[in-house]
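J.:
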Amino acid sequence: MKQVFILRGLPGSGKSYYAQNLADELGGADESQYLICSTDDYFINEQGEYHFDKFKLPQFHNLNLARFINALSQGTPLVIVDNTNIKKWEFVAYSQAAIALGYQVKEVIVGEVKDKSMQHLYAKRNSHHIPLKTISKMAYMFEW
Numbered sequence: 001m002k003q004v005f006i007l008r009g010l011p012g013s014g015k016s017y018y019a020q021n022l023a024d025e026l027g028g029a030d031e032s033q034y035l036i037c038s039t040d041d042y043f044i045n046e047q048g049e050y051h052f053d054k055f056k057l058p059q060f061h062n063l064n065l066a067r068f069i070n071a072l073s074q075g076t077p078l079v080i081v082d083n084t085n086i087k088k089w090e091f092v093a094y095s096q097a098a099i100a101l102g103y104q105v106k107e108v109i110v111g112e113v114k115d116k117s118m119q120h121l122y123a124k125r126n127s128h129h130i131p132l133k134t135i136s137k138m139a140y141m142f143e144w
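For the record, in the sequence shown the residue sitting at position 6 is 6 according to our numbering, with numbers rising by one throughout.
1. Measure the beta-carbon distance from residue 78 to residue 33 and round it to whole angstroms, keeping in mind my assumption that it falls under 8 Å.
2. Helix, strand or coil, according to DSSP, for residue 5 in the structure here?
3. Which of the three DSSP states, helix, strand or coil, is assigned to residue 35?
4. Let me make sure I understand the geometry here. Which of 16, 53, 28 and 5 has the alpha-carbon closest to that of residue 125?
5. If you reduce the DSSP assignment to three classes, tell me which class residue 41 lands in.
6. Expressed to the nearest angstrom, what Euclidean distance is found between the alpha-carbon atoms of residue 41 and residue 140?
7. Can you give me the Cβ contacts of residue 135 inside the same chain, cut-off strictly under 8 Å, excluding the 5 residues immediately before and after it?
8. Are the stretch 16 to 27 and the stretch 77 to 97 touching by the rule of at least three beta carbon pairs closer than 8 Å?
9. Along the beta strand (DSSP E) that carries residue 104, what are the first and last residues, could you check?
10. Give the straight-line distance between the Cα atoms of residue 133 and residue 35, rounded to the nearest whole angstrom.
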């Protein structure tokens, strides 16, 4: 069975951790059986350091979508989208491509989007140093 999981959630909510656990559980030890597609990957330089550049965000989202579609076209059994996906339009292309190529699609909201105390925790633990103000704004804009 070919599956796509589209993760949604605030920075620091545990999406990447969830994605890796899901891949380990459903994909097993064979990395050819799954792919985790995260736009964040494109912000990592040769030294392994993350450097966000808002001007490159549209380009990197397009690269991530292309990588996703390539994995689907190769028949990768499990493909996981690990992005915030705050607005529905941000992941509709992923969902439509997956359905068109015969995949089952599951949308997973990771964490507690509207819980203010959890937003504080996410601000403290997110790996990209996104401030609470930005996380709270993202929570307010989150589309169900």
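C-beta atoms are modelled at their ideal positions from N, C-alpha and C, and glycine is treated no differently. Here the structure is a predicted model, which is why all the values come from computation and not from measurement.
T.: Based on what the coordinates show:
1. Working through the sequence shown from its first residue, we reach residue 78 at position 78. Working through the sequence shown from its first residue, we reach residue 33 at position 33. With a Cβ gap of about 6 Å, residue 78 and residue 33 count as contacting.
2. The residue you call residue 5 lines up with position 5 of the sequence shown. Note: residue 5 maps to strand in three-state DSSP.
3. In the sequence shown, the residue the question calls residue 35 occupies position 35. Strand at residue 35.
4. For the purposes of this step, residue 125 is identified with residue 125 of the sequence shown, where counting begins at 1. Comparing Cα-Cα distances from residue 125 to each of 16, 53, 28 and 5, the minimum goes to 16.
5. Against the sequence shown, residue 41 aligns to sequence position 41. Three-state result, residue 41: helix.
6. Locating residue 41 in the sequence shown gives position 41, where the first residue counts as 1. Locating residue 140 in the sequence shown gives position 140, where the first residue counts as 1. About 26 Å.
7. On the sequence shown, residue 135 is found 135 positions in, with the first residue counted as 1. Cβ neighbours of residue 135 beyond the five flanking positions: 10, 11, 12, 119, 122, 123 and 126.
8. With the cut-off at 8 Å, the stretch 16 to 27 and the stretch 77 to 97 touch.
9. For the purposes of this step, residue 104 is taken as residue 104 along the sequence shown, with counting starting at 1. Residue 104 -> beta strand (DSSP E) spans 104 to 109.
10. Taking the sequence shown and counting its residues from 1, the one referred to as residue 133 is at position 133. Taking the sequence shown and counting its residues from 1, the one referred to as residue 35 is at position 35. Straight-line Cα distance between these residues: approximately 32 Å.
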